[in-house]
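Here the sequence shown is numbered in the working numbering, starting from 1 and rising by one per residue.
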Amino acid sequence: MSGKTVTRAELANAVYRLGLLNRKVDPSEPISREKSAELVESVLQIMTDAVVEGASVKISSFGAFDVREKAARIGRNPRTGEEAEITPRRVLVFRASHILKNRMNGEAQSTEAQSTEASAADAAKEPGQTVRVQAKGTV
Numbered sequence: 001m002s003g004k005t006v007t008r009a010e011l012a013n014a015v016y017r018l019g020l021l022n023r024k025v026d027p028s029e030p031i032s033r034e035k036s037a038e039l040v041e042s043v044l045q046i047m048t049d050a051v052v053e054g055a056s057v058k059i060s061s062f063g064a065f066d067v068r069e070k071a072a073r074i075g076r077n078p079r080t081g082e083e084a085e086i087t088p089r090r091v092l093v094f095r096a097s098h099i100l101k102n103r104m105n106g107e108a109q110s111t112e113a114q115s116t117e118a119s120a121a122d123a124a125k126e127p128g129q130t131v132r133v134q135a136k137g138t139v
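If you want it as C-alpha cells, here you go:
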C-alpha cells in the first residue's frame with residue numbers, strides 16, 4: 001500500500017489539467033485553476049448536502065456512499081470491562097463498485113463501464129433519495 005492521499009487541491013489540479021486538454025477541442029471554454037477548485041468544491045458540497053439529508057450518493061464505476069442508522073446499544077470498555085451505553089447515531093459507509101474492485105485487483109474493465117456517459121445529478125431533497133453520478137474515464 002502506498003499510503004498516498006488525494007487532496008481537494010490535487011482533484012482541482014486534475015480538473016484543471018483536463019480542462020487544458022479539452023481547451024484544444026473547444027478554446028471558447030477556458031478553465032482556470034480557480035474555476036477548477038470551485039467545481040470540485042461544488043461537487044463535494046452537493047455530495048455532503050445529500051448525505052447529511054440521509055440520501056445515498058452513487059457514483060457510477062466508483063461506488064456508493066450510504067447513511068446507516070445505528071441503534072443504541074450497550075458496549076464495554078475493553079480496558080476496565082465496565083459497561084457503557086453507546087448512543088444511537090448515523091454513520092457513513094462506502095461500498096466500492098465491482099468495476100472499482102476489479103481495477104484495484106488488476107482485472108480488465110468491461111466495455112460497458114468504459115462507455116458510460118457523463119451526466120450531472122441534482123442533489124437529493126428528501127431523506128432516503130439517491131443521488132446518482134455517472135462518469136466517463138478517470139481523473
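Each residue gets a CB set at the ideal place from its N, CA and C atoms; glycine is no exception.
- Residue burial annotation: Ala50 is buried, with at least 16 other C-beta atoms found within 10 angstroms of its C-beta.
- In this structure Ile86 is exposed. Its beta-carbon is surrounded by fewer than 16 other beta-carbon atoms within 10 angstroms.
- Here Glu107 carries a coil assignment [DSSP, helix/strand/coil].
- Less than 8 angstroms divides the Cβ of Val40 from the Cβ of Ala12.
- For the options Arg79, Lys70 and Ile59, the alpha carbon positioned closest to that of Ser97 is the one of Ile59.
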